[in-house]
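**Student:**
Number of protein chains: 2
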Amino acid sequence: MKDAERLYSNRSKEMKASEIREMLKIIQDPEIISFAGGMPSPDSFPYEEIERVAKNILREHGKVALQYGSTEGVIPFRKVIAKMAIKDGINIDHDNILITNGSQQALDMIGKIFLNHGDLAFVGLPTYLAAINAFKPYSKNLVGIPLDEEGMQVDLLEEKIRELAKKGITPKFVYVLPTYHNPAGTLMLEKRRKKIIDLACEYDLLVIEDDPYGKLRYEGDKVKPIKAFDDEEHVLYLGTSSKILCPGFRLGWSIGPKEIIRKMVIAKQSMDLCTNVFSQWIACEIFAKEDLLDHHIEEIIKLYRPRRDAMIKTMKECFPDGYKCTKPQGGLFMWVILPEGIDTKEMLPEAIKEKVAYISGKAFNVDGSGANTMRLNFSYSPEDTIEEGIKRLGRVIEKRI
Amino acid sequence: MKDAERLYSNRSKEMKASEIREMLKIIQDPEIISFAGGMPSPDSFPYEEIERVAKNILREHGKVALQYGSTEGVIPFRKVIAKMAIKDGINIDHDNILITNGSQQALDMIGKIFLNHGDLAFVGLPTYLAAINAFKPYSKNLVGIPLDEEGMQVDLLEEKIRELAKKGITPKFVYVLPTYHNPAGTLMLEKRRKKIIDLACEYDLLVIEDDPYGKLRYEGDKVKPIKAFDDEEHVLYLGTSSKILCPGFRLGWSIGPKEIIRKMVIAKQSMDLCTNVFSQWIACEIFAKEDLLDHHIEEIIKLYRPRRDAMIKTMKECFPDGYKCTKPQGGLFMWVILPEGIDTKEMLPEAIKEKVAYISGKAFNVDGSGANTMRLNFSYSPEDTIEEGIKRLGRVIEKRI
């Protein structure tokens, strides 16, 4: 074509290449120790179980498992997910559930269904990068609410909502990651969760609760999802099998009010008809055996906890003074705040030269703040690699002090 | 929530439940003979081959096949698709290819990337229903170009483009299904395909060539895809494994100019990160064995050809005079034009009462025409079932004459 540019929609000009996914290409070099991705360890995948179950499914349910499926998702799979949710205190049935192509697809749908150009939505400061990228093509008006050690500061959220209400502005939704936050690693306690529900009831707000890491708890008490307190149905809850089974299956689930799930189903019909049916059947059979799944999750925790600990310990030993770091009770990420004046994005090429990679924190902040922050993933590499990588990173930071 | 309605985007008000997918729910009754869906026969799925290959993949490539994959798609799979395309006369390499979650996802992406509210795009009269539903949330301004026995009437398209050019209006794209059209069953011959390329070059047009059925040829000569004549890169070609392997894997591929593929990759990053990786690896290994795939497609053709023939023969015997029907040389669908005055949508409840189902044709026409038309699928049911269904349908039509 001579000029494709003139054919693009305004929306597509807001589509940004994800810093993480672009980074994953740069760090193909096997000598680089990468803390950049958010990948589970391949040692956590239940290969033999999947092989056994896949064979079974093909023999017992092949005709339906290889055919088009319903847009809502495979019914037995949605029933198993409903059972898991009920165990977490979420009072729903399978008609409240839509299976998506990873929970990322739900984020795109939420943008598509709720955001007109210019509409306002709340996110955390920082928040999940790919949520920002999913929402922005629909509306750039994302307002960040700062986090503290317990996640989103709900009193600041309340202030903002009040201000907007005075101006007659309706926020379309609040997007929160209350459990082992990506990137911040924080855990929101029950009191604050209930406060979000109170606000939602008072202002008839829609709350998007993204919970990919809830099951990966290394210490501390279990805290119920916000959705568990949601008696008046203000919460759309997003779950995924990526961190407890494997990401290659691309399976996510949205749990919400039937009216909103129905809207999402209609959107999905024209987006991709249905989610991969074969993988839904495999995941269904694995998740249906509760003991097996619980045991498998226990194994993943045993794998990741020492990795987290190794990262924290080596940081203490090798990072120059003046940095701050969350000690996440679960999940995959650590959030590091370096002394003011250090720009982690500027520092990155040096780090790559020293064969270590991370994601600089600015990309996670819709207001462009956080130049001195970075996100480190601790799930992917074994302890000795983590120790070596953190040592390298310490040397790179040292030079900037 | 008290009032979710006020939170929806304008776009979401254009999202319509697909008539086909809604119909699929109505016709759960096993006594109903359905010509409504577009499903391949479950007898066409290579169960044993998939079982063998899945086991292999898990053992040989499990670590990558269960992990997140690149947004573009698994490289060996894209290389196999490139090889298949080259055999069809399409001169590209794997960097021209993006793997999508079924080719339906590509249709949604095309809407998202190209259509501002109000933008104009051309489609056939009739055209694929789910393409209409994919484009409409982005822009309702879809202009239909009538089809004749050889598919889209390109001279009428040319006239429209000229008119628009005079008014300074740029059509964003032309969406065509040149090979065994859904729903019309038509085949566009080479001369007309080349004419589309001429127009594309003259007006710097983007052409979307949707080709899910090209390999299912029951008679007549093979005609090259429009993309094979596309020396100046105006064509984005959409393929899928749904009709030659199985739909449950949700695998589609877009083949186009690198610039547009790159734009689609960025869009997909925030839409679902990547397509199901495990299924890409399985399809890759099956497609890599050309002889095996060719043989498998030959088997599918052997299965479907007599079904098509049975449908045509029984129609001749049992339908009252005055109907017209395409004799499709390939694909899955027959398009029936009943005498003026018969409204197939009104007739549908009667048909359901007689335990036979179809899709009324109006839904496929963006201008609301075609009340007397209907689409019949012949791939799903065996011959005797088709004969019985067509007899029932004949009786229903008889009453309307």
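Residue numbers (the numbering used here), protein chains in the order written: chain A, 15 to 415; chain B, 15 to 415. Virtual Cβ for every residue (Gly too), placed ideally from N, Cα, C. Quick caveat, the model's predicted, so the values are computed rather than measured.
Give me the subset of the region 320 to 342 of chain B whose CB atoms are less than 9 Å from a CB atom of chain A, sorted by chain position.
**Tutor:** Here the close residues number zero.
**Student:** Assign A/Glu-65 to buried or exposed, taking buried as 16 or more other Cβ atoms, counted over all protein chains shown, within 10 Å of its Cβ.
**Tutor:** The residue in question, A/Glu-65, is buried, as its Cβ has 16 or more Cβ neighbours within 10 Å.
**Student:** Any idea if A/Ala-242 is buried or exposed, counting beta-carbon neighbours within 10 angstroms, 16 or more meaning buried?
**Tutor:** Buried, because 16 or more other Cβ atoms sit within 10 Å of the Cβ of A/Ala-242.
**Student:** If I measure Cβ to Cβ from A/Val-291 and keep anything under 8 Å in the same chain, skipping five residues before and after, which residues do I get?
**Tutor:** Excluding residues within five positions, the ones whose Cβ falls inside 8 Å are Val-78, Ala-79, Leu-80, Gln-81, Tyr-82, Gly-83, Val-88.
**Student:** Check the DSSP bridge columns for B/Thr-114 and list the partner residues they point to.
**Tutor:** B/Gly-266.
**Student:** Under 6 Å Cβ to Cβ from A/Ala-90, same chain only, skipping five residues before and after it: list those, please.
**Tutor:** Before going further, note that residue 90 of chain A is Pro rather than Ala in the sequence given. Result list for A/Pro-90: Cys-298, in chain order.
**Student:** Taking its Cβ as the centre, do 16 or more other Cβ atoms sit within 10 Å of A/Asn-24, making it buried, or is it exposed?
**Tutor:** The residue in question, A/Asn-24, is exposed, as its Cβ has fewer than 16 Cβ neighbours within 10 Å.
**Student:** Between B/Met-37, B/Gln-294, B/Pro-342, which lies nearest to B/Asn-196 when the distance is taken from Cα to Cα?
**Tutor:** When each option's Cα is compared against that of B/Asn-196, the closest is B/Pro-342.
**Student:** Just curious, the alpha helix (DSSP H) that A/Ile-404 is in, first and last residue?
**Tutor:** Residues 397 to 412.
**Student:** Strictly by DSSP, which residues pair up with B/Lys-338?
**Tutor:** DSSP output for B/Lys-338 lists B/Ile-351 as bridge partner(s).
**Student:** For a test of the three-state rule: what should DSSP assign to B/Asn-391, helix, strand or coil?
**Tutor:** Strand, per DSSP.
**Student:** Could you give the C-beta distance for B/Glu-293 and B/Ser-55, rounded to a whole number, given that I count them as a contact under 8 Å?
**Tutor:** A small correction: the amino acid at residue 293 of chain B is Ser; Glu does not occupy that position in the sequence shown. Not really, about 20 Å apart at Cβ, beyond 8 Å.
**Student:** Taking the alpha-carbon positions, what's the A/Lys-282 to A/Thr-85 distance?
**Tutor:** Looking at the two C-alpha atoms, the distance is approximately 7 Å.
**Student:** DSSP on B/Tyr-227, reduced to helix/strand/coil?
**Tutor:** Correct three-state label for B/Tyr-227: coil.
**Student:** Buried or exposed, going by whether 16 or more other CB atoms sit within 10 Å of the CB of A/Arg-389?
**Tutor:** With 16 or more other Cβ atoms within 10 Å, it is buried.
**Student:** Can you pull the chain A residues whose beta carbon is under 8 Å from the beta carbon of B/His-248, in chain order?
**Tutor:** The answer, in chain order, is Met-15.
**Student:** Between which residues of its own chain and A/Glu-173 is the CB-CB distance below 6 Å, once the five residues before and five after are set aside?
**Tutor:** No residues qualify anywhere along the chain.
**Student:** Can you give me the C-alpha to C-alpha distance between A/Glu-28 and A/Leu-306, rounded to a whole angstrom?
**Tutor:** So the two alpha carbons sit approximately 44 Å from each other.
**Student:** For a test of the three-state rule: what should DSSP assign to B/Ala-120, helix, strand or coil?
**Tutor:** Helix at B/Ala-120.
**Student:** Cβ closer than 8 Å: which chain A residues qualify as neighbours of B/Tyr-22?
**Tutor:** Ile-127, Phe-128, Lys-277, listed in chain order.
**Student:** List, in chain order, every chain B residue whose beta-carbon is nearer than 9 Å to that of A/Tyr-142.
**Tutor:** Those do not exist, as A/Tyr-142 stays about 11 Å from chain B at its closest Cβ, beyond 9 Å.
**Student:** Of all Cβ atoms in chain B, is any one closer than 8 Å to the Cβ of A/Ala-242?
**Tutor:** So no, A/Ala-242 is outside the interface.
**Student:** To the nearest angstrom, how far is it from the Cα of B/Asn-147 to the Cα of B/Asp-225?
**Tutor:** If you take the alpha carbons of B/Asn-147 and B/Asp-225, they lie about 18 Å apart.
**Student:** Would you mind telling me which residues of chain A sit closer than 9 Å to B/Gln-81, beta carbon to beta carbon, in chain order?
**Tutor:** Neighbours of B/Gln-81 on chain A, chain order: Met-53, Pro-54, Pro-56, Phe-59, Cys-260, Pro-261, Gly-262.
**Student:** Within this structure, are the beta carbons of B/Arg-276 and B/Glu-397 separated by less than 8 Å?
**Tutor:** It is not a contact, given that the beta carbons lie outside the stated cut-off.
**Student:** Just the chain B side, please: which residues come within less than 8 Å of A/Asp-218 by C-beta, in chain order?
**Tutor:** Neighbours of A/Asp-218 on chain B, chain order: Met-15, Lys-16, Asp-17.
**Student:** Within its chain, find whatever has a CB closer than 7 Å to the CB of B/Glu-402; leave out the 5 residues flanking it on each side and keep chain order.
**Tutor:** Result list for B/Glu-402: Ile-47, in chain order.
**Student:** Along the region 65 to 77 of chain B, where does the CB come closer than 8 Å to a CB of chain A? Name the residues.
**Tutor:** For the region 65 to 77 of chain B, which is checked against every Cβ of chain A, the residues closer than 8 Å are Glu-65, Ala-68, Lys-69, Leu-72, Arg-73, Gly-76, Lys-77.
**Student:** Would you check if the distance between the CB atom of A/Ile-222 and the CB atom of A/Ile-124 is smaller than 8 Å?
**Tutor:** Their beta carbons are under 8 Å apart, which means A/Ile-222 touches A/Ile-124 by this criterion.
**Student:** Give the secondary structure of B/Tyr-251 by DSSP, where H, G and I count as helix, E and B as strand, and everything else as coil.
**Tutor:** The answer is strand: DSSP assigns B/Tyr-251 an E or B state.
**Student:** Kindly confirm or deny that the region 256 to 273 of chain A and the region 231 to 247 of chain B touch, where touching means at least three C-beta pairs closer than 8 Å.
**Tutor:** They do not touch, by the three-pair rule.
**Student:** Do B/Leu-252 and B/Gly-52 have their CB atoms nearer than 8 Å?
**Tutor:** Not a contact, by the Cβ cut-off of 8 Å.
**Student:** Count the other CB atoms within 10 Å of the CB of A/Arg-231; is the residue buried (16 or more) or exposed (fewer)?
**Tutor:** Under this definition A/Arg-231 is a buried residue.
**Student:** I'd like to know whether the C-beta atoms of B/Phe-378 and A/Leu-21 end up nearer to each other than 8 Å.
**Tutor:** Cβ distance not < 8 Å, so B/Phe-378 and A/Leu-21 don't count as in contact.
**Student:** Show which residues of chain A have a CB atom less than 7 Å away from the CB atom of B/Val-291.
**Tutor:** Neighbours of B/Val-291 on chain A, chain order: Gly-262.
**Student:** My output table needs one value for A/Thr-193: the three-state DSSP class, helix, strand or coil.
**Tutor:** Reduced to three states, the DSSP call for A/Thr-193 is strand.
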